[in-house]
Amino acid sequence: MISRYPYSMRLLHWSMAALMVSMLCAGLLMVRSLEPWQLTLLNMHKSFGLVAALLIVVRTVNRLRLKLPTPSEPQNRYQSAVANTVHRLLYALMFLMPLTGLLMQYAAARPVDVFGAFRLPAAELTDIQQFAVFRELHGLLAVVFMGIIALHIAGACHHYLSARRR
Amino acid sequence: MKKRLIAMLIVPLTVSLTALAQKVDKVTAQQFVDLQQGERVYAGFRRAHAKGICVTGEFVSNGRLAAFSRATIFKPGATPFTGRFSIAGNNPTAPDLKAPVRSLALSFVSSASQQWRLAMNTPPVTAVSDPHSFYQQLQALKAGPEAITAFFRAHPESADFLAWKARYQPTASFATEQYHSINAFYLVDESGQRRAVRWSFEPRANKPVTQAQHKDALHDELQQRLAQQTVVFDWVFTFAGAGDDENNPAKQWPDNRQRVVVGELEISAWQPQSSGHCHVINFDPLVLPDGIEPTRDPILRARSAAYAESYRRRAWERLTAGGEGAKND
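Chains as they are written, first to last, in full-length UniProt numbering: chain A, 1 to 166; chain B, 1 to 329.
Here it is as C-alpha cells:
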C-alpha cells in the first residue's frame, strides 16, 4: 500500500497545471487583443498546444502504468463518484483542448510554426465549415475546462481542510 | 513545497488579470469588427471587403529575389495561386465604382507546411500607424465629411496618405490598378539575414476594356477582359533604406529606394465568389512561409487579429447556414 502519488505523477500534475492555466489565460487575452504582442502570444499558445498534446499522452500512459495511493480518508459512494467523474472529464478535456486547437489550424490551412524549429502541415484547401466546428468547440471546451478545474481545486481544498481538522 | 507550487499558479493568473484590466480602454478585435460590419450583418460574408471575385493563375518567378529570401516561391519557376479582387465595405452588393479602396488578395500553397497569404490595397500607405487611431478613422468615416476632416486635422501623420489620395485617379478596371503590401515585412535569406521590404503589384494593362458605370462595372470588366486575355502584373519589391521605419505603415519611403522586379503574376481565370474557393480563405497577411517574417508594425499585427474575428463570425454563419454567403463550399 502506498500513501503518496508517485513522483512522476506529481511532476506531470503540477507542470501541466501551470501549462493549462497559462494556456487558458493566453487564450482569453489573445482572442480580444489588437496589440503587437498578440501575435507573439498566439504563436506561443500554438507551440505549447503541441507540447500539451504530447504531455497528456505521456501522462495517460503513466497513469495506467502506476498504482494510485489509497485515499487517506474513507469516502462515501457519492464523493468517489463525483471525484471519478471530475478526473475523467479533466483527462478528456486535456486531450480535446489541444486536439481541437490543432485541428482548427489544420482546417483553416494555417501551418503551425512550433517554436521556430519546425512546422506542422495544414490542409492545402481551407475547409471553413470544419474550421467553424473546431473553432467553436475549442472556445466552448475552454469554458467547460475552466469550470471543471474550479471544481477540481474546490475538491482539493475540501480534502486538505478536512484532513487538517482531523 | 505545496505553497510554492500554488504561488506558481497564482502569479501568472494575477499577471494576466492585471494585463486584462489595463487594456480595458484599448479597442478589442470584437469592437473593431463590430464597427466594420455596421448595423446590417451580411451573414457568411467578410466583415470588410465583402464584395469580390475569385481569380486563379500562376506567379512566374524570375529568381531575382532568391538571394534575399529562402521562400520556395522565389526560386525560378511557376507557383499557382488562388486570389481575389474586392472593393472596400461591408456590403456584398455595393456599387463597384463608389468604393474608395480596391484590393487584391493572393494565397500560395508551396506545400502543406509552406503557405502564404497576401492582402493588398490600392493606397501605398495607411492614414495612421496604430489600430486605435485606425478605429477612430473608421468612426469618423461613418460620421461624415466634417468628422473625417477633423480627424485628419488632428493626425498630421496622415500627410503621405492624403498626398496619395489627392493624386490618385481610380480606373475603370481591377486590372489597371496598383496594389500595395500596406505593411512592411522582412525577407530572410539562407544565412538568416533580414531585410525590410514593401511590395506592390504593378499592372501591365493600361486601359479598361469597357467603360461601364453600373453597379458591377469592375466585376464585369474583369470577366470580359479574362475572356480575351491573361491579366498580368509585375511583382515589385522595394527595399527599406537608411532611416526608413519598417514599423510605420503611414510613412511613404522615398522613390530612390532599391526596387527589384521578381516576376509576373498571370491571372488566367475567374470564378464568382459564390462558387470560387477564394471565398472560404482568410487572407490573413501573417500566414507566411519560411523566408518571410512580420515586422512589429502595430497595424499589421492588428489586421491579423481582426481578420481572425471576422473569419470566426462568418465561419459560424456558414456552418449554421443562413445568408447567401453560406451557399458555396
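Where is the CB? At the ideal position from N, CA and C, for every residue including glycine.
Cβ neighbours of residue 80/B within its own chain (closer than 6 angstroms, five residues either side excluded): 58. In the three-state reduction of the DSSP assignment, residue 95/B falls in the coil class. Residues of chain B with a Cβ closer than 8 angstroms to the Cβ of residue 33/A are, in chain order, 23, 26, 28, 29, 305. Between residue 100/A and chain B, the shortest Cβ-Cβ separation is not below 8 angstroms. If you check each beta-carbon in the segment 130-145 of chain A against every beta-carbon of chain B, the ones closer than 8 angstroms belong to 131, 132, 133, 135, 136. With 16 or more neighbouring CB atoms inside 10 Å of its own CB, residue 289/B falls in the buried class.
Non-local C-beta neighbours of residue 303/B in its own chain, meaning closer than 7 angstroms and more than five positions away in sequence, comprise 285, ordered along the chain. Nearest C-alpha to residue 294/B among 133/B, 124/B, 182/B: 182/B. When the beta-carbon positions are compared, residue 104/A and residue 134/A come within less than 8 angstroms of each other. Chain-order list of chain B residues neighbouring residue 128/A: 280, 315, 318, by C-beta distance under 7 angstroms. Between residue 297/B and residue 184/B a beta carbon distance of about 6 angstroms is seen, short of the 8 angstroms cut, so the two are scored as contacting.
With the rule of 3 Cβ pairs closer than 8 angstroms, the segment 50-57 of chain B counts as touching the segment 82-102 of chain B. Residue range 259-272 is occupied by the beta strand (DSSP E) that includes residue 263/B.
Per the Cβ contact rule, the segment 98-115 of chain B is not in contact with the segment 235-247 of chain B (fewer than 3 Cβ pairs under 8 angstroms).
Using a CB distance cut-off of 8 angstroms, residue 38/A counts as an interface residue toward chain B. In this structure, DSSP gives residue 148/A a helical state, which the three-state scheme calls helix. The beta carbons of residue 86/A and residue 141/A sit no closer together than 8 angstroms. Note on geometry: alpha-carbon atoms of residue 200/B and residue 239/B lie some 12 angstroms from one another.
For residue 54/B, the enclosing beta strand (DSSP E) starts and ends at 51-61. Just measuring C-alpha positions, the residue of 42/A, 78/A, 164/A, 5/A sitting nearest residue 22/A is 42/A. Residue 138/B places its beta carbon less than 8 angstroms from that of residue 36/B. In this structure, residue 180/B lies away from residue 131/B, with their beta-carbon atoms at least 8 angstroms apart. Closer than 8 angstroms to the CB of residue 119/A there is at least one CB belonging to chain B.
With a threshold of 16 other beta carbon atoms within 10 Å, residue 279/B meets it and is buried. Along the segment 156-170 of chain B, none of the residues has a CB nearer than 7 angstroms to a CB of chain A. For residue 112/B, at least one C-beta of chain A is nearer than 8 angstroms to its own C-beta. For residue 115/B, the pairing in a beta bridge is given by DSSP as 109/B. For residue 138/B, no chain A residue has a Cβ inside 7 angstroms of its Cβ, as the nearest lies near 13 angstroms away. Among the residues of the segment 256-289 of chain B, those with a Cβ less than 7 angstroms away from any Cβ of chain A are 277, 280, 281, 282, 286, 287, in the order of the chain. Residues 136, 137, 140 of the same chain have their beta carbon placed closer than 7 angstroms to that of residue 151/B, with the five preceding and five following residues left out of the count. Contact annotation: residue 189/B and residue 69/B have beta-carbon atoms nearer than 8 angstroms. For residue 117/A, the number of other beta carbons within 10 angstroms of its own is below 16, and it is reported as exposed. Taking 8 angstroms as the cut-off, the beta carbon of residue 97/B is found no closer than this to the beta carbon of residue 262/B. Under the three-state reduction of DSSP output, residue 247/B falls in the coil class, being neither helix nor strand.
Only residues of its own chain outside the window of five on either side were considered, and among them 109 have a CB closer than 8 angstroms to the CB of residue 125/A, listed in chain order. For residue 200/B, there is no enclosing alpha helix (DSSP H); the enclosing beta strand (DSSP E) covers residues 194-203.
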